[in-house]
Amino acid sequence: MLRVSERTGKVTPEATSKHQPQNQVSYLRYTLRRYAMPPPVNWDISGTPSERAMFHHVRKCTVAGFGTIAFLEKLWSSYIIPLGYYSDSVKHALIALGCAHRGFIGDYTGDHQVANAKIYNMMASQQFSKAMNFTALDMEKLSPTTLRTSLVSCLIFICLEIMQGRYDKALQHLRSGSGIMIALSKAATDAQAGIPLSAHQKCMAETVKNYYDQLCDLGDMFTCLGCDAAYLLEEGEVIPDLPYFFRANSNTDASKPYSSATDARSDLHLVDQAFGKALRYNVRGSIPMSWTSFLNLPDGMSPLRDDEQWAEEWLHARHLFDVFSARLETYIKNLKSSPLTTRQELWEARLMAVMRKDWSVIIKCLEAPSSQPPDRKHFQDLLEDAESLVYAEAEPMQYPVFTLAADVIPRMSLIAAFSGELDLQQRSISLLYAMRRKEGMWDSREIASVLESILLARECSIWDMEYERISLPRLAGMLLSLKLYDGSSTLPLATLVDQASN
Numbered sequence: 013m014l015r016v017s018e019r020t021g022k023v024t025p026e027a028t029s030k031h032q033p034q035n036q037v038s039y040l041r042y043t044l045r046r047y048a049m050p051p052p053v054n055w056d057i058s059g060t061p062s063e064r065a066m067f068h069h070v071r072k073c074t075v076a077g078f079g080t081i082a083f084l085e086k087l088w089s090s091y092i093i094p095l096g097y098y099s100d101s102v103k104h105a106l107i108a109l110g111c112a113h114r115g116f117i118g119d120y121t122g123d124h125q126v127a128n129a130k131i132y133n134m135m136a137s138q139q140f141s142k143a144m145n146f147t148a149l150d151m152e153k154l155s156p157t158t159l160r161t162s163l164v165s166c167l168i169f170i171c172l173e174i175m176q177g178r179y180d181k182a183l184q185h186l187r188s189g190s191g192i193m194i195a196l197s198k199a200a201t202d203a204q205a206g207i208p209l210s211a212h213q214k215c216m217a218e219t220v221k222n223y224y225d226q227l228c229d230l231g232d233m234f235t236c237l238g239c240d241a242a243y244l245l246e247e248g249e250v251i252p253d254l255p256y257f258f259r260a261n262s263n264t265d266a267s268k269p270y271s272s273a274t275d276a277r278s279d280l281h282l283v284d285q286a287f288g289k290a291l292r293y294n295v296r297g298s299i300p301m302s303w304t305s306f307l308n309l310p311d312g313m314s315p316l317r318d319d320e321q322w323a324e325e326w327l328h329a330r331h332l333f334d335v336f337s338a339r340l341e342t343y344i345k346n347l348k349s350s351p352l353t354t355r356q357e358l359w360e361a362r363l364m365a366v367m368r369k370d371w372s373v374i375i376k377c378l379e380a381p382s383s384q385p386p387d388r389k390h391f392q393d394l395l396e397d398a399e400s401l402v403y404a405e406a407e408p409m410q411y412p413v414f415t416l417a418a419d420v421i422p423r424m425s426l427i428a429a430f431s432g433e434l435d436l437q438q439r440s441i442s443l444l445y446a447m448r449r450k451e452g453m454w455d456s457r458e459i460a461s462v463l464e465s466i467l468l469a470r471e472c473s474i475w476d477m478e479y480e481r482i483s484l485p486r487l488a489g490m491l492l493s494l495k496l497y498d499g500s501s502t503l504p505l506a507t508l509v510d511q512a513s514n
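Read in order, the letters of the sequence shown correspond to residues 13 to 514 in this note's numbering.
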């Protein structure tokens, strides 16, 4: 990880979790020869055959697996991957990510054609150490190039730690990268104000001046990962505060349809953030007053004298959602009427529709009178749409899927944890198992096992339903401490306990 000096702005490597690979190089080479891997097409990076093979894997399989509507997918394919050809720190970070992805695939029971996951994880640790060493060398000669490669490496490290189930370490890298972004924004602001700068701060200000759009893309990626983690933790403190690098959406015309599902996903990310801010990232909470009461207030009356900020945040989120819904609706209609629409485009549109319906369900539940129980039909319709989507994926899944943005899994977790209907909960848990999908820290298999253990724990005398009012990571830790977890001995989710305040 990297540390930014508040006094000078100097960026230096910081002691991080020690990945201690065992001395098994010969065994690793034997394993890589024994198990068939896709033959690399491009061999134009320096390194051993196994390193070049893993670089090929991360380029052709890992990043390609993010999907065309993955948040900022083009940032990875058009900038981060090509940077690996020129920067040793980025190259070895990408190789480590490729190794971790192979280990992630091999960790799924039944994928016997893939090598032992431990071997790839060991190689990932070796490559991580190399990447950190090269990053340390880069930061000894600070420049706009090394600053940006360090941010990219930090972003890759976040993905690597998530892939290997070290969510707490991923948040540490998120904080490190965000710290550099904040230092960059401060240097740029001070430069604009005419405040004297150190040599390091001048370098940072120059970087912002010349590469602002690129830094905005990186900032969006850090924010997206933080937002998904915030919904998991039900606390917003983990989201980096990077307003300097925020670019507002210039198109708010509800009558204009989206040009692609990628554009719709970017807007939905803003909707997620806006509702998260209003709800403090806890969708099980309640808004201070019913929506009907709010709409019926006389003109000029303050809706919430003691919490006017909430009203402003909620209205802003509702506006963003309404514009998003209208534009998505027209986009889907245009797709269905066009003879040129592909099956993949239709599937992506259905995915966006499920995500929109999820927020519609949450809004209906929150805006209903507090005495009114949730309507079963809302959850049932959402579940049926998700089942239809997952079981009819555009292409059959040969391997489990890893993506960066949490798209489907939080929606099913909502039903499984909070619908109050046992049959719907069991169906959503079954769907989570069937997904074989990991969306950032939202692992469908792990979350399904936690929720399934909760259903079993309810039959135990030491279980209290009040426990279920806490976040999934805390539930995971509680299940482990009470020895009620019906699965393996470890839960990566539990590593997130108390991380928000660190």
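For each residue, glycine too, the CB sits at the ideal point set by N, CA and C.
Check: When you compare only the Cα positions, how much space is there between Tyr39 and Ala65?
Finding: Here residue 39 is taken as the residue at index 27 of the sequence shown, counted from 1. Here residue 65 is taken as the residue at index 53 of the sequence shown, counted from 1. Low confidence applies to Tyr39: its pLDDT is 39, below 50, so where it sits in the model is not reliable, and the reading given next is rough at best. Each residue's CA atom was taken as its position, placing Tyr39 and Ala65 some 17 angstroms apart.
Next item on the list: Check the C-beta distance from Leu363 over to Asp419 and give it rounded, since I have them as a contact under 8 angstroms.
Entry: Here residue 363 corresponds to residue number 351 of the sequence shown, with the count starting at 1. Here residue 419 corresponds to residue number 407 of the sequence shown, with the count starting at 1. Going by Cβ atoms, the distance from Leu363 to Asp419 rounds to 6 angstroms, so yes, they are a contact pair.
Next item on the list: Return the CA-CA distance between Leu496 and Ala469, expressed in angstroms with no decimal places.
Entry: For the purposes of this step, residue 496 is taken as residue 484 along the sequence shown, with counting starting at 1. For the purposes of this step, residue 469 is taken as residue 457 along the sequence shown, with counting starting at 1. C-alpha separation (whole angstroms): 6 angstroms.
Note to self: Assuming Leu227 and Leu196 are in contact, meaning their beta carbons sit under 8 angstroms apart, how far apart are those beta carbons, in whole angstroms?
What the structure shows: Here the question's residue 227 lines up with position 215 in the sequence shown. Here the question's residue 196 lines up with position 184 in the sequence shown. Contact holds; Cβ gap of about 7 angstroms.
Notebook entry, point to check: What's the C-alpha gap between Thr274 and Ile474?
Noted result: Your numbering for residue 274 matches position 262 in the sequence shown. Your numbering for residue 474 matches position 462 in the sequence shown. Roughly 47 angstroms separates the two Cα atoms.
Check: What residue from Pro412, Gly177, Gln356, Trp371 has the CA that sits closest to Leu401's CA?
Finding: Mapped onto the sequence shown, residue 401 falls at position 389. Residue Gln356 is the option with its Cα nearest to Leu401.
Next item on the list: Over the uninterrupted beta strand (DSSP E) stretch that includes Arg449, give me the two end residues.
Entry: Within the sequence shown, residue 449 is the residue found at index 437, counting from 1. Boundaries of the beta strand (DSSP E) around Arg449: 449 to 451.
Notebook entry, point to check: Hey, how far is the Cα of Asp150 from the Cα of Val70?
Noted result: Translated into positions along the sequence shown, residue 150 becomes position 138. Translated into positions along the sequence shown, residue 70 becomes position 58. When the Cα atoms are used, Asp150 and Val70 turn out to be separated by approximately 23 angstroms.
Next item on the list: Identify the continuous alpha helix (DSSP H) that holds Val295 and give its terminal residues.
Entry: Here residue 295 is taken as the residue at index 283 of the sequence shown, counted from 1. From DSSP, Val295 is part of no alpha helix (DSSP H); its letter is neither H nor E.
Check: In this structure, does DSSP put Trp454 in helix, strand or coil?
Finding: Here residue 454 is taken as the residue at index 442 of the sequence shown, counted from 1. Strand at Trp454.
Next item on the list: Look up Val413 in the DSSP assignment and give the residues it is bridged to.
Entry: Residue 413 sits at position 401 when you count from the first residue of the sequence shown. In the DSSP assignment, Val413 is bridged to Arg449.
Note to self: Taking the straight line between their C-alpha atoms, what separation do you get for Ala429 and Ser493?
What the structure shows: Position 417 of the sequence shown, counted from the first residue, corresponds to residue 429. Position 481 of the sequence shown, counted from the first residue, corresponds to residue 493. Straight-line Cα distance between these residues: approximately 20 angstroms.
Check: At which residue ranges does the region 310 to 378 contain complete alpha helix (DSSP H) runs of 4 or more residues, listed in the order of the chain?
Finding: Scanning the region 310 to 378 from its first residue to its last, the whole alpha helix (DSSP H) runs of 4-plus residues come out as 320 to 349.
Checklist line | Outcome for Leu352 when other beta-carbon atoms lying within 10 angstroms are tallied against a minimum of 16 | finding: Here residue 352 is taken as the residue at index 340 of the sequence shown, counted from 1. Exposed.
Check: Who are the near neighbours of Pro485 in its chain, counting only those whose CB is closer than 7 angstroms to its CB and skipping five residues on each side?
Finding: Translated into positions along the sequence shown, residue 485 becomes position 473. Within the same chain, Pro485 has close Cβ partners Leu244, Leu245, Leu505, Ala506, Leu508, Val509.
Item checked: Asp232 burial status per 10 Å Cβ neighbour count (16 or more: buried) -> By 1-based counting over the sequence shown, the position of residue 232 is 220. The residue in question, Asp232, is buried, as its Cβ has 16 or more Cβ neighbours within 10 Å.
Next item on the list: From the DSSP output, in three-state form, read off Gly432 for me.
Entry: Translated into the one-based positions of the sequence shown, residue 432 becomes position 420. Coil, per DSSP.
Item checked: Reduced DSSP secondary structure (H/G/I, E/B, other) of Phe78 -> In the sequence shown, counting from the first residue as 1, residue 78 sits at position 66. The three-state reading of DSSP puts Phe78 in helix, counting H, G and I together.
Next item on the list: Please state if the CB of Leu394 and the CB of Ile441 are separated by a distance shorter than 9 angstroms.
Entry: As a working mapping, residue 441 is identified with position 429 in the sequence shown. As a working mapping, residue 394 is identified with position 382 in the sequence shown. Taking 9 angstroms as the cut-off, the beta carbon of Ile441 is found no closer than this to the beta carbon of Leu394.
Item checked: Of the listed residues Pro386, Leu503, Phe169, nearest to Val462 (C-alpha basis) -> Stepping through the sequence shown from its first residue, residue 462 is reached at position 450. Closest option to Val462, Cα to Cα, is Leu503.
Next item on the list: Give the DSSP-derived three-state secondary structure of Asp251 in the structure shown.
Entry: The residue labelled residue 251 in the question sits at position 239 within the sequence shown. Per the sequence shown, residue 251 should be read as Ile rather than Asp. The answer is coil: DSSP assigns Ile251 none of H, G, I, E or B.
Next item on the list: Return the CA-CA distance between Glu433 and Ser99, expressed in angstroms with no decimal places.
Entry: What you label residue 433 is simply residue 421 of the sequence shown in a count that begins at 1. What you label residue 99 is simply residue 87 of the sequence shown in a count that begins at 1. In a straight line, the C-alpha of Glu433 is about 53 angstroms away from that of Ser99.
Next item on the list: Grab me the residues of Cys215's own chain with a C-beta within less than 6 angstroms of its C-beta, minus the 5 sequence neighbours each way, in chain order.
Entry: Counted from its first residue, the sequence shown places residue 215 at position 203. Excluding sequence positions up to five before and after Cys215, its CB lies within less than 6 angstroms of the CB of Leu154, all in the same chain and listed in chain order.
Check: Which whole-angstrom value is the C-beta distance of Phe116 and Leu416, which I expect to be below 8 angstroms?
Finding: Position 104 of the sequence shown holds residue 116. Position 404 of the sequence shown holds residue 416. Phe116 to Leu416, Cβ: 13 angstroms. No contact.
Note to self: For a minimum of 3 consecutive residues, which ranges assigned as the beta strand (DSSP E) are wholly contained in the region 107 to 156?
What the structure shows: List check, beta strand (DSSP E) in window: nothing returned.
Checklist line | Rounded distance between the beta-carbons of Ala276 and Leu340, thought under 8 angstroms | finding: Here residue 340 corresponds to residue number 328 of the sequence shown, with the count starting at 1. Here residue 276 corresponds to residue number 264 of the sequence shown, with the count starting at 1. About 5 angstroms separates the two Cβ atoms, so the contact holds.
Notebook entry, point to check: Does the Cβ-Cβ distance between Ile459 and Ser425 come in under 9 angstroms?
Noted result: Taking the sequence shown and counting its residues from 1, one reaches residue 459 at position 447. Taking the sequence shown and counting its residues from 1, one reaches residue 425 at position 413. In contact: Ile459 and Ser425 (Cβ atoms closer than 9 angstroms).
Check: Considering Cys239, what are the terminal residues of the alpha helix (DSSP H) in which it resides?
Finding: Sequence index remark: in the sequence shown, residue 239 carries index 227 (1-based). Per DSSP, Cys239 is one residue of the alpha helix (DSSP H) stretching across 224 to 245.
Check: Is Ala217 closer than 9 angstroms to Asp229 when the C-beta atoms are compared?
Finding: Here the question's residue 229 lines up with position 217 in the sequence shown. Here the question's residue 217 lines up with position 205 in the sequence shown. Cβ distance not < 9 angstroms, so Asp229 and Ala217 don't count as in contact.
Checklist line | Span separating the alpha-carbon of Phe7 from that of Gly288 | finding: This structure does not reach residue 7, given that the chain is present from 13 up to 514, and the question cannot be answered.
Item checked: For Thr507, three-class secondary structure by DSSP -> For the purposes of this step, residue 507 is taken as the residue at position 495 of the sequence shown. In the structure shown, Thr507 sits in a helix (DSSP, three-state: H, G or I).
Next item on the list: For Gly118, count neighbouring Cβ atoms within 10 angstroms of its own Cβ and tell me buried if that reaches 16, exposed if not.
Entry: Within the sequence shown, residue 118 is the residue found at index 106, counting from 1. Gly118 is buried by the Cβ-count criterion.
Next item on the list: Look at Val102 and Ser89 and say whether their C-beta atoms are less than 9 angstroms apart.
Entry: Looking up residue 102 in the sequence shown gives position 90. Looking up residue 89 in the sequence shown gives position 77. No, Cβ-Cβ distance for Val102 and Ser89 is not below 9 angstroms.
Next item on the list: Count the other C-beta atoms from every protein chain shown that fall within 10 angstroms of the C-beta of Pro255, then say buried if there are 16 or more, exposed otherwise.
Entry: If you number the sequence shown from 1, residue 255 lands on position 243. Per the 10 Å Cβ criterion, exposed.
Item checked: Cβ-Cβ distance between His104 and Ala143 below 9 angstroms -> Numbered from 1 along the sequence shown, position 92 holds the residue referred to as residue 104. Numbered from 1 along the sequence shown, position 131 holds the residue referred to as residue 143. Taking 9 angstroms as the Cβ cut-off, His104 and Ala143 qualify as a contacting pair.
Notebook entry, point to check: So is Pro208 buried or exposed if we call it buried at 16+ other beta carbons inside 10 Å?
Noted result: To locate residue 208, count along the sequence shown from 1; it is residue 196. Classification of Pro208: exposed, given that the 10 Å Cβ count is below 16.
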